[in-house]
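Read through the structure below, which is laid out as structure tokens, and then see the notes.
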Amino acid sequence: MAIAMDFDQEGILRSSLNGEVSILNPVLSTDNISSAVEGAIFNGLITFNEKLEVIPELAASWQASKDGKTWTFNLRRDVFWHDGRPFTSEDVVFTYNAILNPKVNSVRRSDYIINGQPIKFKALDKYTVQAVLPVPFAPFLVRMGMGIVPKHLLGGKDLNTASFNRRPVGTGPFIFKEWTSGDHVTVVRNPKYFLGAPKLAGIKYKMIADDNSQLVALEADEIDEAGIPPKDYERMKKKAGIKVYDYDVLLYIYLGFNLANPKFADLRVRQALAYATDKKQLVDLIFKGLASPASAPTAPISWAYNSNVPKYEYNPERAKKLLKEAGVNSLEFTILVNQGNKEREKAAVILQQQYKKVGVNVKVRVMEWSALLKIVNAPKDPKEFEAVIMGWSLGLDPDAYSIWHSSQYPAGFNFVKYSNKKVDRLLDQGRLTTDKNERKKIYAKIWQEIAADQPYIFLWYPKALTGIRDRVGGLSKPGPAGLFVHLEKVFIRNAQVRP
Numbered sequence: 061m062a063i064a065m066d067f068d069q070e071g072i073l074r075s076s077l078n079g080e081v082s083i084l085n086p087v088l089s090t091d092n093i094s095s096a097v098e099g100a101i102f103n104g105l106i107t108f109n110e111k112l113e114v115i116p117e118l119a120a121s122w123q124a125s126k127d128g129k130t131w132t133f134n135l136r137r138d139v140f141w142h143d144g145r146p147f148t149s150e151d152v153v154f155t156y157n158a159i160l161n162p163k164v165n166s167v168r169r170s171d172y173i174i175n176g177q178p179i180k181f182k183a184l185d186k187y188t189v190q191a192v193l194p195v196p197f198a199p200f201l202v203r204m205g206m207g208i209v210p211k212h213l214l215g216g217k218d219l220n221t222a223s224f225n226r227r228p229v230g231t232g233p234f235i236f237k238e239w240t241s242g243d244h245v246t247v248v249r250n251p252k253y254f255l256g257a258p259k260l261a262g263i264k265y266k267m268i269a270d271d272n273s274q275l276v277a278l279e280a281d282e283i284d285e286a287g288i289p290p291k292d293y294e295r296m297k298k299k300a301g302i303k304v305y306d307y308d309v310l311l312y313i314y315l316g317f318n319l320a321n322p323k324f325a326d327l328r329v330r331q332a333l334a335y336a337t338d339k340k341q342l343v344d345l346i347f348k349g350l351a352s353p354a355s356a357p358t359a360p361i362s363w364a365y366n367s368n369v370p371k372y373e374y375n376p377e378r379a380k381k382l383l384k385e386a387g388v389n390s391l392e393f394t395i396l397v398n399q400g401n402k403e404r405e406k407a408a409v410i411l412q413q414q415y416k417k418v419g420v421n422v423k424v425r426v427m428e429w430s431a432l433l434k435i436v437n438a439p440k441d442p443k444e445f446e447a448v449i450m451g452w453s454l455g456l457d458p459d460a461y462s463i464w465h466s467s468q469y470p471a472g473f474n475f476v477k478y479s480n481k482k483v484d485r486l487l488d489q490g491r492l493t494t495d496k497n498e499r500k501k502i503y504a505k506i507w508q509e510i511a512a513d514q515p516y517i518f519l520w521y522p523k524a525l526t527g528i529r530d531r532v533g534g535l536s537k538p539g540p541a542g543l544f545v546h547l548e549k550v551f552i553r554n555a556q557v558r559p
């Protein structure tokens, strides 16, 4: 007699992406949309659980030398690439050497270079990798969550242009099936996944750039999960067949200025715009209490958060005075914002109105996500934008070298060309200090310096608001790690056992 299962073995999770995937290679990708799909296809040596603790993934275990400079990773021996080839230490060494290769367009290079010296990766045998650091490096273990790519498919190829980037092969719970530009990416179950075959038969990632359109699709039972716009939060909580989750995330949203542009070179101009920004009005109008005003380049749930930074409380008269002191009689600039992100689009319009009160004229240009990324990521000086509203999803470690260090322009994440020698020194120090309490003090100073300089106006700390159809089970506990921490455990309920 057949035993009825509590999940549909042919169940497909209908997920949503708020924009176009740019590339499916973790060595090269720079955006959260691409990373969301990569998470189903690739694995790192380590990963994180719901409590944001480091746990093994491709590495079964690891040891560090007493001086903290030599790390040895013992790899799992039951891992295979999706094409059937065994995963080995050669793949790990290849991946990190590719990131360190200046010819590869990876924004992650600075994560593996310490004091100008690269970490050296070596395969000791088929299943043992050694990493030798020039000095102890506090974020090192967290950095080992980087998705590993296959040497046998990419060795000798130009990673920047490889066909692999649209047809990836990983070791993860799901195998890439198809990518239809502007529409969807589909992945299917990896029956030989080392943590057990996923309960889902596959995932279809539907690209729906507009937040409101995502919500319509969720309510029409066309997708299983979507972000909930704050204006719809209370209504959706009462909606039958959909469960709404809200939780804090390691994320902040900002208005970033191109500091290579003479318009923003004077600190008094940036400070004036900060004083002209009514963040409370912004948050109240857009989020109805489901976000909070931001003041620093970190999130309140980070262990390194520091609220003791210059705040620039709303003061339009002070803003006018600073603009006059800076000799600015008229200031006009354009804010770029990604299409479909209604909160950011609304924020741009509200800022436009707020800045008009102090005599500053702002234009808003709404752009498709991948086109916007091409502008800010272009490895050239100066870059072709004036201001942009974007957000940073932060890692578990507070190391912000790749975003704020002056060396990370123009080819890194420091696309606004921020440069502060004191911050550079503190960023170097923060990476090399292993005592957590000492690091917290260092990052407190970094946040204070950056907040004083206002290369960004820190706008808000959002909450994650997510709606999931009740046919979906196996979710993780709501929290900063998200709801899909263990993707292989997620399932679609059989119709007869749905709640």
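Count along the sequence shown from 1, then add 60; that gives the number in the working numbering. Ideal Cβ positions, reconstructed from N, Cα and C, are used throughout, including at glycine. The model shown is predicted, which means the values in this text are computed figures rather than measured ones.
Out of the options, which has the shortest C-alpha to C-alpha gap to residue i?
{"i": "serine 170", "options": "Ser352, Ile502, Asp484 and Ala300", "result": "Asp484"}
{"i": "alanine 183", "options": "Leu118, Ser149, Tyr503 and Phe317", "result": "Ser149"}
{"i": "alanine 286", "options": "Ile528, Asn92 and Thr188", "result": "Ile528"}
{"i": "glutamate 294", "options": "Thr337, Leu525, Leu535 and Asn554", "result": "Leu525"}
{"i": "asparagine 321", "options": "Tyr253, Ala191, Val476 and Tyr374", "result": "Val476"}
{"i": "leucine 486", "options": "Tyr461, Val229, Val422 and Lys416", "result": "Tyr461"}
{"i": "serine 166", "options": "Ala96, Gln177 and Gly472", "result": "Gly472"}
{"i": "asparagine 250", "options": "Val139, Ala300 and Leu213", "result": "Val139"}
{"i": "leucine 193", "options": "Tyr172, Gly534, Lys259 and Asn109", "result": "Tyr172"}
{"i": "tyrosine 314", "options": "Tyr305, Glu238 and Ala334", "result": "Ala334"}
{"i": "methionine 204", "options": "Asp127, Gln190, Lys211 and Tyr415", "result": "Gln190"}
{"i": "leucine 278", "options": "Arg531, Gly104 and Asn554", "result": "Arg531"}
{"i": "lysine 417", "options": "Arg404, Asp338 and Val164", "result": "Asp338"}
{"i": "proline 104", "options": "Gly242, Val209, Ala222 and Gln414", "result": "For clarity, residue 104 is glycine in the given sequence; the question names proline instead. Checked all of Gly242, Val209, Ala222 and Gln414; the closest Cα to glycine 104 is Val209."}
{"i": "glycine 301", "options": "Gly316, Glu405 and Glu282", "result": "Glu282"}
{"i": "methionine 450", "options": "Gln489, Glu405 and Lys481", "result": "Glu405"}
{"i": "phenylalanine 147", "options": "Asp185, Thr90, Ala124 and Lys500", "result": "Asp185"}
Name the one or two DSSP bridge partners that residue i has.
{"i": "phenylalanine 544", "result": "The partner list for phenylalanine 544 (beta bridge, DSSP) is empty, contrary to what the question assumes."}
{"i": "phenylalanine 393", "result": "Val422"}
{"i": "leucine 525", "result": "Asp306"}
{"i": "tyrosine 265", "result": "Ser75 and Val245"}
{"i": "alanine 351", "result": "Pro522"}
{"i": "valine 532", "result": "Ile552"}
{"i": "glutamine 177", "result": "Ile174"}
{"i": "phenylalanine 67", "result": "Arg553"}
{"i": "tyrosine 516", "result": "Gly316"}
{"i": "asparagine 398", "result": "Met427"}
{"i": "lysine 182", "result": "Gln190"}
How many Å lie between residue i and residue j at the Cα?
{"i": "alanine 364", "j": "proline 458", "result": "6 Å"}
{"i": "threonine 107", "j": "leucine 219", "result": "24 Å"}
{"i": "arginine 168", "j": "glutamine 514", "result": "24 Å"}
{"i": "asparagine 318", "j": "glycine 144", "result": "47 Å"}
{"i": "glutamine 412", "j": "aspartate 68", "result": "50 Å"}
{"i": "asparagine 85", "j": "alanine 379", "result": "44 Å"}
{"i": "lysine 58", "j": "valine 424", "result": "Here the chain has residues from 61 to 559 only, and residue 58 is not among them."}
{"i": "methionine 61", "j": "serine 75", "result": "Unreliable positioning characterises methionine 61 in this predicted model, as indicated by a pLDDT of 33, which lies under 50. The coordinate reading is nonetheless provided below. Their backbone Cα atoms lie some 35 Å apart in a straight line."}
{"i": "arginine 227", "j": "isoleucine 174", "result": "33 Å"}
{"i": "valine 245", "j": "phenylalanine 236", "result": "8 Å"}
{"i": "lysine 297", "j": "isoleucine 288", "result": "10 Å"}
{"i": "leucine 255", "j": "serine 367", "result": "41 Å"}
{"i": "glycine 387", "j": "glycine 455", "result": "40 Å"}
{"i": "valine 550", "j": "proline 360", "result": "29 Å"}
{"i": "phenylalanine 393", "j": "valine 309", "result": "31 Å"}
{"i": "leucine 275", "j": "threonine 130", "result": "49 Å"}
{"i": "histidine 546", "j": "phenylalanine 102", "result": "13 Å"}
{"i": "isoleucine 63", "j": "alanine 100", "result": "For isoleucine 63, the pLDDT reaches just 41, beneath the cut-off of 50, and the residue's location in the model is therefore unreliable, although a value from the coordinates is still provided. So the alpha carbons of these two residues sit roughly 29 Å apart."}
{"i": "glycine 349", "j": "tyrosine 312", "result": "16 Å"}
{"i": "serine 479", "j": "glutamate 498", "result": "24 Å"}
{"i": "proline 470", "j": "valine 153", "result": "27 Å"}
{"i": "lysine 266", "j": "valine 247", "result": "12 Å"}
{"i": "isoleucine 502", "j": "arginine 491", "result": "10 Å"}
{"i": "lysine 252", "j": "glycine 128", "result": "35 Å"}
{"i": "aspartate 344", "j": "tyrosine 372", "result": "18 Å"}
{"i": "lysine 381", "j": "asparagine 421", "result": "17 Å"}
Contact defined as beta carbons within less than 8 Å: I believe residue i pairs with residue j. What is the distance between those atoms, to the nearest angstrom?
{"i": "leucine 391", "j": "lysine 323", "result": "7 Å"}
{"i": "tryptophan 122", "j": "alanine 351", "result": "Between alanine 351 and tryptophan 122 the Cβ distance is about 38 Å, and since that is not below 8 Å, they are no contact."}
{"i": "glycine 262", "j": "isoleucine 72", "result": "5 Å"}
{"i": "proline 290", "j": "phenylalanine 518", "result": "About 19 Å; that fails the 8 Å criterion."}
{"i": "glutamate 110", "j": "lysine 482", "result": "About 37 Å; that fails the 8 Å criterion."}
{"i": "aspartate 66", "j": "arginine 553", "result": "7 Å"}
{"i": "glycine 79", "j": "glycine 539", "result": "Contact doesn't hold; Cβ gap of about 24 Å is too wide."}
{"i": "leucine 260", "j": "threonine 188", "result": "Contact doesn't hold; Cβ gap of about 33 Å is too wide."}
Any heavy atom of the ligand SAH closer than 7 Å to the CB of residue i?
{"i": "serine 466", "result": "Ligands are entirely absent from the displayed structure, and the ligand SAH is therefore not among its contents."}
Whole runs of the beta strand (DSSP E) within the region 412-472, excluding any shorter than 3 residues: 420-427 and 447-453
Entirely enclosed beta strand (DSSP E) segments - the region 184-246, minimum 3 residues: 188-192 and 234-240
Length at least 4, wholly inside the region 274-347: the alpha helix (DSSP H) runs in chain order: 293-297, 327-335 and 339-347
3-residue-minimum beta strand (DSSP E) runs that sit fully inside the region 69-149, ordered along the chain: 72-77, 106-108, 114-116, 119-124 and 130-135
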